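Enquirer: In the numbering used here, the protein residues as written are 103 to 265.
Sending over a structure as structure tokens; questions will come in a sec.
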């Protein structure tokens with residue numbers, strides 16, 4: 103089972119390919135991109151799309167699950183950048199005939215399933231990700247470990263692995 107999961111934002115989205123074999127999750131690839139907040143949203147969205155396109159081109163299109171974390175901002179000012187990044191990743195996936203295969207998963211559900219509580223700090227999420235995967239490599243940003251947490255949450259919720 104191969105899971106492609108995104109932690110989507112305009113400033114620094116993250117992505118992971120997580121493979122689950124015999125109830126054991128393994129990180130195959132992880133990445134992120136940083137955009138410059140001084141640039142217009144349109145340009146930043148194009149940068150996110152280009153990054154996602156290159157990641158998919160480099161790692162192939164054979165995924166059983168493609169998922170992303172949900173986002174619910176309080177205002178259009180919060181929502182616009184994130185949903186622009188969502189659209190950019192949608193466009194990258196569509197270039198390869200791919201689309202999200204499952205509904206989004208909420209931030210609190212990701213934390214509850216992976217960490218064991220609905221409110222968790224970034225370091226707690228990373229520690230849980232490392233414990234579940236045995237990953238000893240570097241996460242360049244929290245967005246990378248958050249993307250892994252999204253994939254793990256889906257796998258836990260669907261009975262592929264146990265927390």
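C-beta atoms are modelled at their ideal positions from N, C-alpha and C, and glycine is treated no differently.
Since we're looking at a predicted model, the values are computed, not measured.
For residue 242 and residue 226, I'd like the C-alpha separation in whole angstroms.
Expert: On the chain shown, residue 242 is found 140 positions in, with the first residue counted as 1. On the chain shown, residue 226 is found 124 positions in, with the first residue counted as 1. Cα to Cα, residue 242 sits roughly 16 Å from residue 226.
Enquirer: Can you find the residues in the same chain that come closer than 7 Å, C-beta to C-beta, to residue 217, ignoring five residues on each side of it along the sequence?
Expert: Along the chain shown, one-based indexing puts residue 217 at 115. Contacts found: 226, 227 and 230.
Enquirer: Can the beta-carbon of residue 256 be found closer than 9 Å to that of residue 129?
Expert: As a working note, residue 256 is residue 154 in the chain shown. As a working note, residue 129 is residue 27 in the chain shown. Not in contact: residue 256 and residue 129 (Cβ atoms no closer than 9 Å).
Enquirer: Taking all protein chains shown into account, decide if residue 48 is buried (16 or more other Cβ within 10 angstroms of its Cβ) or exposed.
Expert: Residue 48 lies beyond the range of the chain shown here (103 to 265); nothing can be said about it.
Enquirer: Among the residues of its own chain, which have a CB less than 8 Å from the CB of residue 182, if the five just before and after it don't count?
Expert: Walking along the chain shown from the start, residue 182 turns up at place 80. Its chain contains 143 as the residues whose beta carbon lies nearer than 8 Å to that of residue 182, once the 5 sequence neighbours on both sides are disregarded; these appear in chain order.
Enquirer: For residue 134, which beta-bridge partners are listed by DSSP?
Expert: Against the chain shown, residue 134 aligns to sequence position 32. Residue 134 pairs with 116.
Enquirer: Residue 108: buried (16+ other C-beta within 10 angstroms of its C-beta) or exposed?
Expert: Sequence index remark: in the chain shown, residue 108 carries index 6 (1-based). With 16 or more Cβ atoms within 10 Å of its Cβ, residue 108 is classed as buried.
Enquirer: Are there 16 or more other CB atoms within 10 angstroms of the CB of residue 178, so buried, or fewer, so exposed?
Expert: Here the question's residue 178 lines up with position 76 in the chain shown. Exposed: under 16 other Cβ atoms inside 10 Å.
Enquirer: Counting only the same chain and skipping the five closest in sequence on each side, list residues whose C-beta sits under 6 Å from that of residue 246.
Expert: Reading the chain shown from its first residue, position 144 is the one you call residue 246. So the list reads 116, 132 and 134, once near-sequence residues are dropped.
Enquirer: Let me check understanding here. Comparing Cα to Cα, which of 153, 260, 119 and 137 lies closest to residue 165?
Expert: Counting from 1 along the chain shown, the entry for residue 165 is found at position 63. Comparing Cα positions, the closest option is 119.
Enquirer: Which partner residues of residue 168 appear in the DSSP bridge assignment?
Expert: The count along the chain shown starts at 1 and reaches residue 168 at position 66. In DSSP, residue 168 forms a bridge with 106.
Enquirer: How is the alpha helix (DSSP H) around residue 252 delimited, first residue to last?
Expert: Position 150 of the chain shown, counting from 1, holds the residue named residue 252. Residue 252 -> alpha helix (DSSP H) spans 244-259.
Enquirer: Nearest to residue 149 by alpha carbon, out of 171, 161 and 191?
Expert: Start at 1 with the first residue of the chain shown, and residue 149 comes out as number 47. When each option's Cα is compared against that of residue 149, the closest is 191.
Enquirer: Keeping to the same chain, check which residues put their C-beta closer than 6 Å to that of residue 136; ignore five residues upstream and five downstream.
Expert: Position 34 of the chain shown, counted from the first residue, corresponds to residue 136. 114.
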